[in-house]
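Shown next, in C-alpha cells, is the structure this report addresses.
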Amino acid sequence: GAVVSQHPSWVICKSGTSVKIECRSLDFQATTMFWYRQFPKQSLMLMATSNEGSKATYEQGVEKDKFLINHASLTLSTLTVTSAHPEDSSFYICSARGLAGGAGQETQYFGPGTRLLVL
Amino acid sequence: AQSVTQLGSHVSVSEGALVLLRCNYSSSVPPYLFWYVQYPNQGLQLLLKYTSAATLVKGINGFEAEFKKSETSFHLTKPSAHMSDAAEYFCAVTYSSASKIIFGSGTRLSIRP
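Chains as they are written, first to last, in this note's numbering: chain A, 1 to 119; chain B, 1001 to 1113.
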C-alpha cells in the first residue's frame, strides 16, 4: 500500500527553539497534505490543510505564525513549530492524499507520527 | 457539518468474544465513513471504509462495519476478539474524497485473557 513517512519519529527540544517535521509521500504524488495534532488519550485534531505550491489553510484556533507549513513539492510537506513551548508537546501526524497503487479515487494515507517533547 | 460520536471511550471484552464498537454520524450529505486503528505510539491504519457502495463493509484483521442510514450508525464488529486487537479505534467521516476527515474521540479496546 501507499506509504507516508515522517521524520523525525521523535524529538526533544528546549523551550524557545524551533523544530521542523517532514512528511513525505514515498510512492505517490500528494495533491493535498494534512497536519494533525493528538494529545495523550485524545483524538486527532486537524491543524491545517496544504496544497502544493499554495498557502496552507489553518483550522480555527491554530496559530499560523507558530505552526509554519510548507508544501514545497507533491511529495513533501514540512511543519515547523516555532519558538516551541512545553504546551506544544504532542504527537503530530501528517496525512497525504493522492492516487496510489492504482486506486480509482484519491485516498488519504497517514504517516506514523512524530512525538515532540519540549522541555 | 459532519461529525461522528463514538459511544464508550473504553470497551473491554474477553478473548474470543464479540467486539462491538459504536459510531454514530451526523452529516447533511451522504457521508464517507472510516474506521482506523492506532497502536501505541504509532500512526493510524485504515481498517475499512464506506463510500456509498455495499452497506456491509469488510476490512482487515476480520473487522467489518455496517452502514445503517436509518440509524445514522456505522458500528464496527469482529466475531472473535484476539489479544492483538487491543488498540485505540477511531471512527471518522468526510463527505467526499477531496474533503478533510473528521475524527471521533476514539474508543480504547482492551482484551481480557
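Note that beta-carbon positions come from the ideal geometry of N, C-alpha and C, so glycine has one too.
For clarity, every value in this text was computed on a predicted model and none was experimentally measured.
Through-space distance from residue j to residue i, alpha-carbon basis
i         : j         : result
A:Phe110  : A:Cys94   : 6 Å
B:Ser1096 : B:Ser1012 : 33 Å
B:Pro1171 : B:Lys1058 : In the structure as shown, chain B starts at 1001 and stops at 1113, and residue 1171 of chain B therefore has no counterpart that could be examined.
B:Ala1092 : A:Phe91   : 19 Å
A:Pro40   : B:Tyr1036 : 17 Å
B:Phe1034 : A:Thr107  : 11 Å
A:Asn70   : B:Ala1017 : 47 Å
B:Ile1101 : B:Thr1005 : 14 Å
B:Gly1106 : A:Ala72   : 32 Å
A:Thr49   : A:Glu59   : 8 Å
B:Lys1049 : A:Leu68   : 31 Å
B:Phe1063 : B:Lys1078 : 5 Å
A:Gly98   : B:Cys1023 : 27 Å
A:Pro86   : A:Asn51   : 29 Å
Environment of residue i [buried if 16+ CB atoms lie within 10 Å]
i         : result
B:Tyr1039 : exposed
B:His1010 : exposed
B:Glu1071 : exposed
A:Gln6    : buried
B:Thr1055 : exposed
B:Ile1060 : exposed
A:Arg37   : buried
B:Leu1020 : exposed
B:His1075 : buried
B:Gly1043 : buried
A:Asp27   : exposed
A:Trp10   : exposed
A:Gly53   : exposed
B:Glu1088 : buried
Bridge partners - residue i, DSSP secondary structure assignment
i         : result
B:Lys1068 : B:Ser1073
B:Ser1012 : B:Ser1110
B:Thr1094 : B:Tyr1032
A:Phe91   : A:Gln38 and A:Arg115
B:Leu1047 : According to DSSP, which records beta bridges pairwise, B:Leu1047 is partnered with nothing at all.
A:Met45   : A:Arg37
B:Val1019 : B:Lys1078
A:Ala96   : A:Met33 and A:Tyr109
A:Val11   : A:Leu116
B:Phe1103 : B:Ala1092
A:Glu22   : A:His7 and A:Thr78
B:Tyr1039 : BP columns for B:Tyr1039 are empty, so no partner.
>> Contact between the segment 1024-1032 of chain B and the segment 1079-1086 of chain B is defined here as three or more beta-carbon pairs at a separation below 8 Å; is this criterion met?
In response: With the cut-off at 8 Å, the segment 1024-1032 of chain B and the segment 1079-1086 of chain B do not touch.
> Three or more beta-carbon pairs under 8 Å between the segment 110-119 of chain A and the segment 5-19 of chain A, yes or no?
Replying inline: With a cut-off of 8 Å, the segment 5-19 of chain A and the segment 110-119 of chain A count as touching, because enough Cβ pairs lie within range.
> Can at least three beta-carbon pairs, one atom from the segment 21-33 of chain A and one from the segment 75-86 of chain A, be found at a separation below 8 Å?
Replying inline: Verdict: yes, contact present.
>> At 4 residues or longer, what runs of the alpha helix (DSSP H) sit wholly inside the segment 59-86 of chain A?
In response: You should have found no qualifying run.
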